[in-house]
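Residues 486 to 871 (our numbering) make up the sequence shown, in order. One structure is given here, and the rest of the page talks about it.
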Amino acid sequence: MERQGAARIRLGMVGGGRDAFIGGVHRMAARLDDQFELVAGCFSSTAEKSRASGDDLGLDASRVYDDFTAMAQREARLKEGIEAVAIVTPNHMHYPAAKEFLKRGIHVICDKPLTATLGEAKKMVKAAEASGALFVLTHNYTGYPMVRQARAMVASGALGTIRVVQVEYPQDWLTEALEATGQKQAGWRTDPERSGAGGSIGDIGTHAMNLAGFVSGLRLEAVCADMQSFVEGRRVDDNAHVLLRFEGGARGMLWSSQVAPGNENALRLRIYGDKGGLEWAQEEPNTLWHAPFGEAPRRIRRNAAGSDGAAGRVSRIPSGHPEGYLEAFATIYTEAAAAIRARAAGQAIPEGVLFPGVADGLEGVAFVDACVRSSARGGVWVAPAR
């Protein structure tokens with residue numbers, strides 16, 4: 486997955502300044518396969534902090550901005566202006582920031598969820614369609630090699646007709662009222678004005694739902710949700726149990742929780758069809774379990790016997806050497822780079838290149854909205870309002 490001769494893609498960033506978690510992850514992911522070079526940014530809503538962050542990163546001071554609109558305007562005019570921008574702000578700023586770059590034809594790589602509200606998600610889809618620029622959503626778990634293998638196995642019919650999809654994403658970091666201590670990440674993620682109406686369901690439940698759909702190929706039909714805020718005073722959910730109905734008849738369950746002591750990032754997916762099952766766990770990402778019906782389960786390891794081309798094309802190192810979170814994140818950036826270069830050359834996106842886009846983002850926000858509405862009504866079945 487190394488860069489082959491082509492110049493690095495000029496990248497800008499909105500958000501991700503000092504003390505931000507996800508901005509650093511995006512910068513590492515963008516550079517891992519040597520596809521991008523960060524050349525500009527508006528790293529904070531505070532001008533002083535934005536400039537300090539740009540200085541930390543060694544950027545030309547003239548390319549560090551106090552305002553993302555000014556950044557979009559000037560970079561679009563520069564001969565060597567940015568070709569793509571990473572949006573890594575809290576959720577409520579995704580749409581206003583992204584639309585400024587989209588309307589100037591600059592490709593957008595946006596952190597998930599797509600937006601804080603369903604209304605803005607629908608506007609984002611229209612803005613992306615009107616722009617013609619690429620829109621990439623960083624649901625990074627789709628970048629793991631064994632997730633790609635699982636998707637290919639389901640598509641090939643190895644599991645037969647899918648009947649059951651079980652997915653969960655428990656964490657424990659919000660078991661206490663961490664937001665009351667001034668911790669930045671907890672502060673905005675539990676603030677509905679910045680995160681949106683969904684707490685755990687929007688923060689990590691969207692990852693779980695996206696993963697389930699990516700691997701199974703199924704489209705969500707309706708949800709029946711029971712959501713709680715266990716920590717006193719918390720304004721968004723910190724735990725959610727959701728029954729799932731998929732088009733075509735398959736059924737499923739999703740659990741997202743940030744108050745489950747002993748769990749760090751325990752994303753886990755299980756899919757069962759009439760011919761067999763698959764199981765993958767994010768904390769053991771180089772292993773995929775395949776259980777053909779009536780046979781002993783088989784352990785498939787990344788780049789080892791039984792691993793296929795879908796996994797191999799996004800692997801970087803031999804089997805036995807673990808690839809993890811940052812590499813999976815980098816896969817999304819490298820797939821984006823292939824698409825951006827193809828678009829610049831007037832060519833179709835190469836076969837096999839996969840990344841979540843604005844339509845996937847709309848599905849995610851519609852899922853959160855449906856869960857919130859279902860739970861508020863006592864756990865009735867609700868269809869996503871796409």
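Where is the CB? At the ideal position from N, CA and C, for every residue including glycine. Here the structure is a predicted model, which is why all the values come from computation and not from measurement.
Helix, strand or coil at residue i according to DSSP, with G and I counted as helix
i, result
"tyrosine 757", "strand"
"glutamine 743", "coil"
"alanine 491", "coil"
"phenylalanine 506", "helix"
"isoleucine 817", "helix"
"glycine 809", "coil"
"isoleucine 686", "helix"
"threonine 660", "coil"
"leucine 517", "helix"
"arginine 719", "coil"
"isoleucine 802", "coil"
"arginine 648", "strand"
"arginine 826", "helix"
"arginine 512", "helix"
Residue environment, residue i, which counts as buried when at least 16 other CB atoms sit within 10 Å
i, result
"glutamine 558", "exposed"
"threonine 675", "buried"
"proline 770", "buried"
"glycine 698", "buried"
"lysine 597", "buried"
"arginine 783", "exposed"
"histidine 806", "exposed"
"arginine 682", "Note that residue 682 is alanine in the sequence shown, not arginine. Buried."
"lysine 611", "exposed"
"aspartate 759", "exposed"
"aspartate 723", "buried"
"glutamate 565", "exposed"
"glutamate 614", "exposed"
"lysine 584", "buried"
"glutamate 605", "buried"
"threonine 531", "exposed"
"valine 799", "buried"
"proline 803", "exposed"
"glutamate 653", "buried"
"glycine 831", "exposed"
"serine 860", "buried"
"serine 641", "exposed"
"leucine 563", "exposed"
"aspartate 504", "exposed"
"alanine 781", "exposed"
"serine 506", "Correcting the residue type first, residue 506 is phenylalanine in the shown sequence and not serine. That one is exposed."
Residue range of the beta strand (DSSP E) that includes residue i
i, result
"arginine 786", "783-786"
"arginine 836", "The question names arginine, but residue 836 in the sequence shown is glutamate. Here glutamate 836 belongs to no beta strand (DSSP E), and DSSP marks it neither H nor E."
"threonine 554", "No beta strand (DSSP E) holds threonine 554; the alpha helix (DSSP H) holding it covers 553-562."
"alanine 693", "Per DSSP, alanine 693 belongs to no beta strand (DSSP E); it is in the alpha helix (DSSP H), 691-701."
"alanine 795", "Taken as a continuous stretch (DSSP letters only), alanine 795 belongs to no beta strand (DSSP E), being part of the alpha helix (DSSP H) at 794-797."
Residue range of the unbroken alpha helix (DSSP H) whose run includes residue i
i, result
"glutamate 678", "677-680"
"glutamine 670", "669-674"
"valine 850", "843-861"
"arginine 536", "532-541"
Identified DSSP bridge partners for residue i
i, result
"asparagine 724", "Gln713, Ser742"
"methionine 498", "Gly526, Ala571"
"glutamate 764", "Arg755, Trp774"
"proline 655", "Ser742"
"alanine 707", "Arg730"
"glycine 737", "Val650, Leu729"
"alanine 865", "For the sequence presented, residue 865 should be read as valine rather than alanine. Answer is none; valine 865 lacks a bridge partner."
Distance cut-off 7 Å: residue i Cβ against heavy atoms of the ligand HEM
i, result
"phenylalanine 620", "In the structure on display, the ligand HEM does not appear, and there are no ligands present to speak of."
**OP:** For the stretch 567-638, list the alpha helix (DSSP H) runs that are entirely contained and at least 4 residues long, ordered along the chain.
**Re:** 579-587, 603-616
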